[in-house]
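Enquirer: Counting from 1, one number per residue, gives the positions in the sequence shown under the UniProt record's numbering. We treat Cβ as the ideally placed atom computed from N, Cα and C, and that holds for glycine. Got a structure here, written out as structure tokens. Questions coming.
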Amino acid sequence: MATAGDSVGAWFGADGQINQLRGRLFKAVCLGATLLTLFLVFVFLVYVANDAIQPLTADPRWWVTVVATIPVPALALAAYYYRYDPAAGEVAYTALGLPIVTSLLAGGITIFFNHILTPYEWFALVVSVAVAVGVLSVHNQIRDAGAIERSLVVAVVPLLALVGIPGIGVDVPIKTPFFGRELFRLSVSIPDLVPGLRELILSLPVLPMASVSLLLTFVVPIAAVVAWHVRDVRGTDRAGLLAGGATVVVAALGLIVEPLAGFSAVSWLILTTVVGVPVGLYVDRVRRRGTGVSGLAFPVVIVAGIAVGAIIVEVAGFGAPNVWTNWGFLTDAHSRTPREAGIYPALVGSIMMIIVVGIAAFPLGVGAAIYLEEYAPNDGVLGSVVDLIEINIANLAGVPSVVYGLLGLALFVKIGSLRPGIVIVGGLTIALLILPIVIVSAQEAIRSVPDSQRQAAYGMGATRWQTVRTIVLPRAMPGILTGMILALGRAIGETAPLLMVGVAAVVRIPPTSFFGLFSAMPRQLFAWARLAKPDFYHGVLAAGVLVLLVVLLMMNGTAILLRNKYQRQE
């Protein structure tokens with residue numbers, strides 16, 4: 001048994017001072033583990049980037065020109081900000097990153113309108129939703145209805161606007177009473193009783209052009225949000241109207257640019273609203289704040305350096321590197337020729353699959369976590385059942401992914417009779433995979449909210465739902481989004497479940513609906529890795545890995561921004 005003197009001698013030196021050796025060793029070990037992890041990740045990224053970009057194939061003079069026109073001025077300006085104007089440095093990095101992130105988002109929205117919802121379908125959907133909201137608002141204003149009538153109106157109006165009242169189809173086999181032999185089938189089919197407003201709009205003989213449809217139902221709502229934001233910031237209606245009107249006018253110029261310059265009007269509308277509006281609002285914010293304004297020159301210096309470098313390289317004829325990750329790789333389909341192979345169909349398939357995963361896993365997982373933490377009983381027989389459920393959910397988070405693939409095959413293909421290899425099947429299977437992770441992380445985030453805040457809300461007369469909605473969820477949202485980041489990072493890179501549910505290795509045409517056949521980026525990379533050609537293994541595969549990492553970083557970055565926003569609001 002250790003004595004008090006032994007304990008003191010272990011923690012204190014001979015002169016009575018505290019011995020910090022153990023703490024320093026522990027700190028050094030943690031720092032070494034962190035640096036080793038970062039080094040291994042860096043080595044992996046360098047290895048992949050070297051195969052995807054092949055920098056050694058470029059003319060050395062090309063590299064000298066690029067370095068002299070882009071990194072050198074940028075680093076010199078960054079050093080100036082760091083030394084003399086730190087506030088401008090923060091503005092500079094945000095001003096550089098914001099256009100990049102919004103450009104990637106604009107690319108995703110372009111894919112959405114090309115393959116998920118056409119501009120005409122989006123036009124019909126927005127008009128139908130607007131009519132439904134207007135009818136509900138008018139009904140609430142002109143009629144003091146009871147709870148039953150309000151519930152019926154809330155249920156029926158959106159149904160009539162978006163879906164309508166579908167018909168009835170009955171197919172009943174008539175069999176003999178003893179032998180079970182089918183004699184004939186009784187089929188009764190009633191057409192759609194009431195078509196939905198969305199369907200009626202799509203069936204009109206004349207609809208606005210695709211660009212005009214997006215201008216009315218995509219640009220105008222964004223302009224309204226811009227007007228509201230500027231009015232709230234500036235405090236005047238005139239400033240808000242000017243900002244919203246400028247957004248619509250600049251976007252509408254795309255209708256003129258397309259016939260004159262040949263630039264797609266739809267692309268112009270998306271770029272001006274998704275990229276131009278956030279950048280313009282940020283520049284206006286920096287200008288009004290008055291500090292760090294010189295940081296706005298940072299992206300301008302980089303863009304100017306790229307332009308000057310491109311002109312010098314083009315005039316001098318310096319050879320560029322033999323890059324695999326180029327525009328053709330991002331926009332082309334798979335080919336047996338390595339230099340003609342692309343990842344576009346798999347990229348679209350992955351984006352559509354992640355949309356299904358997010359829609360299916362996030363509300364269900366957060367809802368389950370809210371029930372288990374806020375509503376489920378803690379004692380008695382039901383409390384024991386809840387404890388058993390929580391234990392099983394935690395264990396399910398560690399089940400191998402191939403098991404979820406088999407579960408998805410049995411649940412959605414065999415029992416649900418859905419077609420193997422379609423987007424909805426792949427997305428729901430991956431949603432099952434990440435659902436335990438979402439539930440566990442959301443539980444921990446909800447549990448971290450101090451119980452004193454709940455009691456204070458109850459003391460002020462709030463109901464349990466009001467407390468959860470206004471107190472618990474806003475404070476737990478950063479932790480919930482952190483768990484969602486980890487879950488989506490795992491979801492986009494899974495391959496085994498997709499193999500189990502029949503996702504194709506190669507799809508040359510991107511899916512046009514959630515019930516279409518698709519391929520995902522990890523499934524495509526797995527197929528390329530099995531090819532024996534060196535160009536596929538070292539070139540095309542590395543380019544695909546680089547694209548997958550960029551998409552993953554974009555998703556994580558968006559979730560991190562949302563998480564930080566909620567943290568700042570606390």
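#1: Quick check: the Cα distance between PRO221 and GLY290, rounded to an integer number of angstroms?
#2: Of all the alpha helix (DSSP H) runs that stay within the bounds of the stretch 451-517, which reach a length of 4 or more residues?
#3: Between the Cα of MET477 and the Cα atoms of ALA496, LEU561 and PHE113, which residue gives the shortest distance?
#4: Below 8 Å, how does it come out for the stretch 418-425 and the stretch 497-507: are there three or more Cβ pairs, yes or no?
#5: Does the beta-carbon of PRO363 have 16 or more other beta-carbons within 10 angstroms, so that it is buried, or is it exposed?
#6: Do VAL507 and THR338 have their beta-carbon atoms positioned less than 8 Å apart in this structure?
#7: Could you check if GLU373 is buried or exposed, using at least 16 other CB atoms within 10 Å of its CB as the buried criterion?
#8: PRO195 by DSSP, collapsed to three states: which one?
#9: Out of ILE165, SER267, PRO71 and VAL230, state which residue places its alpha-carbon closest to the alpha-carbon of GLY107.
#10: For SER211 versus LEU253, is the C-beta distance shorter than 8 Å?
#11: Which residues in the same chain as GLY196 place their Cβ atom closer than 6 Å to its Cβ, once the five residues preceding and following it in sequence are excluded?
#12: How would you label PHE44, buried or exposed, when you count the other beta carbons within 10 angstroms and need 16 or more for buried?
#13: Any idea if PRO55 is buried or exposed, counting beta-carbon neighbours within 10 angstroms, 16 or more meaning buried?
#14: Select from TRP528, ALA304 and PRO497 the residue whose C-alpha is nearest the C-alpha of ALA74.
#15: Restricting to runs no shorter than 4 residues, where is the alpha helix (DSSP H) found entirely within the stretch 316-359?
#16: Can you give me the C-alpha to C-alpha distance between GLY5 and ARG22, rounded to a whole angstrom?
#17: Quick one: what's got a C-beta closer than 8 Å to LEU96's C-beta in the same chain, skipping five residues either side?
#18: Along the alpha helix (DSSP H) that carries MET521, what are the first and last residues, could you check?
#19: Can you name the start and end residues of the alpha helix (DSSP H) that THR272 belongs to?
#20: For VAL64 and LEU281, what's the separation of their Cα atoms in angstroms?
#21: Sort GLU199, ARG61 and VAL67 by Cα distance to SER128 and report the nearest one.
#22: In the DSSP output, which residue or residues are listed as bridge partners for GLY164?
#23: May I ask you to report which of helix, strand or coil DSSP gives ILE306?
#24: Starting from THR69, trace the alpha helix (DSSP H) both ways and give me its first and last residue.
#25: For the putative contact between PRO48 and LEU546, defined by C-beta atoms under 8 Å, what is the C-beta separation to the nearest angstrom?
#26: Please name the residue or residues paired with ILE422 in a DSSP beta bridge.
#27: VAL206 by DSSP, collapsed to three states: which one?
#28: Tell whether a beta-carbon distance below 8 Å holds between PHE123 and SER213.
#29: Could you tell me whether the stretch 391-410 touches the stretch 428-436, where touching means 3 or more Cβ pairs closer than 8 Å?
#30: What do you reckon, are the CB atoms on VAL308 and THR118 nearer than 8 Å?
#31: Can you list, in chain order, the residues of its chain with a C-beta nearer than 8 Å to that of THR110? Leave out the 5 residues immediately preceding and following it.
#32: What's the call for THR272, buried or exposed, on a 16-neighbour Cβ count within 10 Å?
#33: Taking the straight line between their C-alpha atoms, what separation do you get for THR512 and ILE116?
#34: Quick check: the Cα distance between ALA2 and VAL440, rounded to an integer number of angstroms?
#35: Compute the beta-carbon to beta-carbon distance between VAL248 and VAL219, rounded to the nearest angstrom, for a pair I have assumed lies under 8 Å.
#36: Evaluate contact between the stretch 510-524 and the stretch 347-364, counting only Cβ atoms and requiring at least three cross-stretch pairs below 8 Å.
Expert: This is what the structure gives:
#1: PRO221 and GLY290: Cα-Cα distance of roughly 30 Å.
#2: Runs found: 451-459, 464-467, 473-492 and 496-500.
#3: Per the Cα distances, LEU561.
#4: Contact between the stretch 418-425 and the stretch 497-507 is present: three or more C-beta pairs spanning the two stretches fall below 8 Å.
#5: Exposed.
#6: For the record, residue 338 in the displayed sequence is Pro; it is not Thr. Cβ distance not < 8 Å, so PRO338 and VAL507 don't count as in contact.
#7: With at least 16 other beta carbons inside 10 angstroms of its own, GLU373 counts as buried.
#8: In this structure, PRO195 counts as strand in the three-state DSSP scheme.
#9: The shortest C-alpha separation from GLY107 is found at SER267.
#10: No Cβ-Cβ contact shorter than 8 Å links SER211 with LEU253.
#11: For GLY196, where only same-chain residues beyond five positions count, the Cβ hits under 6 Å are LEU162, VAL163 and GLY164.
#12: Looking at its Cβ environment, which holds fewer than 16 other Cβ atoms inside 10 Å, PHE44 is exposed.
#13: Label assigned to PRO55: exposed.
#14: Among TRP528, ALA304 and PRO497, the Cα nearest to that of ALA74 is on ALA304.
#15: Taken in chain order, the unbroken stretches of alpha helix (DSSP H) that lie wholly in the stretch 316-359 and span 4 residues or more are 327-331.
#16: Residue confidence is low: GLY5 scores 48 on pLDDT, short of 50, so the model does not pin down where it sits. Its coordinate-derived value is still stated next. Roughly 18 Å separates the two Cα atoms.
#17: Same-chain partners within the cutoff: PHE298, PRO299 and ILE302.
#18: Residues 521-529.
#19: Segment: none, THR272 is in no alpha helix (DSSP H) and carries neither H nor E.
#20: Distance between the alpha carbons of VAL64 and LEU281: 36 Å.
#21: If we check each option's Cα against that of SER128, GLU199 comes out closest.
#22: Beta-bridge pairing links GLY164 to PRO195.
#23: ILE306: helix per DSSP, three-state reduction.
#24: The continuous alpha helix (DSSP H) containing THR69 extends over residues 60-69.
#25: Reading the sequence as shown, one finds Val at residue 48 and not Pro. Sure, about 6 Å apart at Cβ, within 8 Å.
#26: According to DSSP, ILE422 bridges with LEU517.
#27: Coil.
#28: The answer is yes: Cβ separation under 8 Å.
#29: Verdict: yes, contact present.
#30: Not in contact: VAL308 and THR118 (Cβ atoms no closer than 8 Å).
#31: Excluding sequence positions up to five before and after THR110, its CB lies within less than 8 Å of the CB of VAL266, SER267 and ILE270, all in the same chain and listed in chain order.
#32: Buried, since its Cβ has 16 or more Cβ neighbours within 10 Å.
#33: Whole-angstrom Cα-Cα distance: 6 Å.
#34: Confidence at ALA2 is low in this model, with a pLDDT of 46, below 50, so its placement is unreliable and the value that follows should be read with caution. The alpha-carbon atoms of ALA2 and VAL440 are separated by roughly 41 Å.
#35: The distance from the Cβ of VAL248 to that of VAL219 is about 6 Å, consistent with a contact at the 8 Å cut-off.
#36: With the cut-off at 8 Å, the stretch 510-524 and the stretch 347-364 touch.
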